[in-house]
Amino acid sequence: MAHWLMKSEPDVYGIDHLEREGTTLWDGIRNYQARNYMRTMAIGDRAFFYHSNAKPPGIIGLMQVVTTGLVDPSQFDPASKYFDRASKPEAPRWDCVRLGFLERFDALLSLEQLRQEFSADDLPVVRQGNRLSILPVSEASAQRLLALLKPA
DNA sequence: GCCAACGTTGGC
DNA sequence: GCCAACGTTGGC
């Protein structure tokens, strides 16, 4: 079971939305590297929910991969901001996964705290200017994160 | 294939 | 609003 970090803006889709809905299609990914990471996800993988463009930004919850290898429907929807006219139904360019809510942590682990605890090598999200919305988290870093988020 | 221009993400 | 980082596009 691998661990990931996935960003979303709470004003657009935050942990509150996911807790209410139970599961969600993680659509709208339009970056090849992020897409390729999604393609390597397996059912049961866990993902830290990171609130980006928030005050403050940081990790707020935990999710589980429920379904993999789904075609992202928004690429074919002209009304969607994620519409991609170059993508054809017979050869979809973008795909996505379905994620399920696991838990919301008692306190947000802020980016500032993450920078105190981790180097950019251990947790790339702390690197200045990191724009990738999906990042792998090493097993060692995942365990340290869980220890910080769920003190005994 | 190179590179300049441009666009997007996201912290501050 | 500014800026760092970096991906994408298009001319050549």
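In our numbering, the protein residues as written are 50 to 201.
C-beta atoms are modelled at their ideal positions from N, C-alpha and C, and glycine is treated no differently.
The model shown is predicted, which means the values in this text are computed figures rather than measured ones.
Let me confirm a value: Lys-56 is counted as buried when at least 16 other C-beta atoms fall within 10 Å, else exposed. Which label applies?
As a working note, residue 56 is residue 7 in the first sequence. Buried, by the Cβ-count rule.
Across the segment 171–189 and the segment 75–84, are there enough close Cβ pairs to call them in contact, namely three or more that are closer than 8 Å?
yes
Under 6 Å Cβ to Cβ from Tyr-62, same chain only, skipping five residues before and after it: list those, please.
Here residue 62 refers to the residue found at position 13 when the first sequence is read from its first residue. No residues qualify anywhere along the chain.
When we look at the beta-carbon of Ala-96 and count the other beta-carbons within 10 Å, is it buried (16 or more) or exposed?
Taking the first sequence and counting its residues from 1, the one referred to as residue 96 is at position 47. Its Cβ being crowded by 16 or more others within 10 Å, Ala-96 is buried.
Helix, strand or coil for Leu-158? Go by DSSP, reduced to three states.
Residue mapping note: residue 158 aligns to position 109 of the first sequence, counting from 1. Residue state, collapsed to three classes: strand.
By the three-class DSSP mapping on this structure, what secondary structure does Glu-58 have?
Within the first sequence, numbered from 1, the residue matching residue 58 stands at position 9. Three-state result, Glu-58: coil.
Straight-line CA distance for Leu-163 to Val-175?
For the purposes of this step, residue 163 is taken as the residue at position 114 of the first sequence. For the purposes of this step, residue 175 is taken as the residue at position 126 of the first sequence. Going by the C-alpha atoms only, they are around 7 Å apart.
Quick check on DSSP: helix, strand or coil for Tyr-99?
Translated into positions along the first sequence, residue 99 becomes position 50. Correct three-state label for Tyr-99: strand.
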